[in-house]
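Data block below; observations after.
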Amino acid sequence: DAKTTQPTSMDCAEGRAANLPCNHSTISGNEYVYWYRQIHSQGPQYIIHGLKNNETNEMASLIITEDRKSSTLILPHATLRDTAVYYCIVRVYGTGANSKLTFGKGITLSVRP
Amino acid sequence: SQTIHQWPATLVQPVGSPLSLECTVEGTSNPNLYWYRQAAGRGLQLLFYSVGIGQISSEVPQNLSASRPQDRQFILSSKKLLLSDSGFYLCAWTGDRGTQYFGPGTRLTVL
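Line order of the protein sequences matches chains A and B. Read in this note's numbering, the first sequence has 442 at position 96, and its numbers run on one by one without any break. Read in this note's numbering, the second sequence has 151 at position 84, and its numbers run on one by one without any break.
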């Protein structure tokens, strides 16, 4: 699986958009970009994933650059409950061994009041 | 909808004692199941995965073992715990669409 690079931490004000960047310059054509987050002392929570088109769901939006070498997770209106470690992961879509998720250190997002 | 359960939520065990952690999934059939461990301040490490009953693949050789006695049940065990086995143990499942979902975790402290 391709490696990803994320800043160590960032913060944003409550109610504002949080834009979390991720670099994955060695991503392969069949690898998807996944985002998870982990709130303290809880299991990781799936947020969103995409291949090359931008994606949006009830939690967030995922913007993938045209060359697919980087992406941005957007939380449109951050709340205090969004404070967590956010993981950007690239992997082949599938099940079994291909479903293994390789977590890096992620980015710690702190939402301030 | 699918739900994943883990128990116990927390556990404190002495060194050398046995371990049994259980994970069950509801609302799906024939899921792929995974055990991860997260040591304090570190990332998640895949320990075992299973694609079906009795089928276990180990990712990292260690003091632990896994079993899948039923379709939606995954068990993590140890005969003798080590201090280094302390951590946050997470069970996860993957459905047809390949996205992986995690349980609430078990926090194990070995003293």
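Backbone N, C-alpha and C fix where the C-beta goes; we use that ideal spot for every residue, glycine too.
Beta-bridge partners of residue i, as assigned by DSSP
i, result
"B/Leu111", "B/Gln105"
"B/Phe141", "B/Cys90"
"B/Phe155", "B/Gln105 and B/Arg174"
"A/Met356", "A/Leu455"
"A/Thr402", "A/Ser407"
"A/Arg437", "A/Tyr378"
"B/Pro98", "Paired residue(s): none; B/Pro98 is not in a bridge."
"A/Thr418", "A/Pro367 and A/Ile409"
"A/Phe449", "Its beta-bridge partners do not exist; DSSP assigns none."
"A/Thr351", "A/Asn369"
"B/Ile71", "B/Val92"
Residue of the options minimising C-alpha distance to residue i
i, options, result
"B/Ile149", "B/Pro171, B/Arg174, B/Leu178 and B/Ser96", "Note that residue 149 of chain B is Leu in the sequence shown here, rather than Ile. Per the Cα distances, B/Leu178."
"B/Ala133", "B/Thr70, B/Leu100, B/Tyr168 and B/Gln112", "B/Leu100"
"A/Thr429", "A/Arg414, A/Pro459 and A/Gly450", "A/Pro459"
"A/His370", "A/Ser355, A/Gly450 and A/Pro390", "A/Gly450"
"A/Leu366", "A/His386, A/Lys415, A/Gln352 and A/Tyr378", "A/Gln352"
"B/Pro83", "B/Leu131, B/Ser68, B/Arg139 and B/Pro171", "In the sequence as displayed, the identity of residue 83 of chain B is Gly instead of Pro. Comparing Cα positions, the closest option is B/Leu131."
"B/Gly172", "B/Thr70, B/Ala76, B/Gln69 and B/Ser68", "B/Ala76"
Alpha-carbon to alpha-carbon, residue j and residue i
i, j, result
"B/Thr95", "B/Gly162", "8 Å"
"A/Ile462", "B/Leu143", "In the structure as shown, chain A starts at 347 and stops at 459, and residue 462 of chain A therefore has no counterpart that could be examined."
"B/Leu175", "B/Phe141", "17 Å"
"A/Thr372", "A/Ser417", "13 Å"
"A/Thr448", "B/Glu126", "12 Å"
"A/Glu404", "A/Ile394", "9 Å"
"B/Ala106", "A/Gly396", "29 Å"
"A/Tyr382", "A/Val457", "17 Å"
"A/Tyr433", "A/Gln388", "14 Å"
"B/Leu157", "A/Leu426", "25 Å"
"A/Val379", "B/Arg109", "21 Å"
"B/Pro85", "B/Lys146", "5 Å"
Closer than 8 Å to chain E by CB, residue i
i, result
"B/Pro171", "The structure shown has no chain E; the protein chains it does contain are A and B."
Exposure of residue i, with buried meaning 16 or more beta-carbon neighbours within 10 Å
i, result
"A/Lys446", "buried"
"A/Val431", "buried"
"A/Ile385", "exposed"
"A/Arg362", "exposed"
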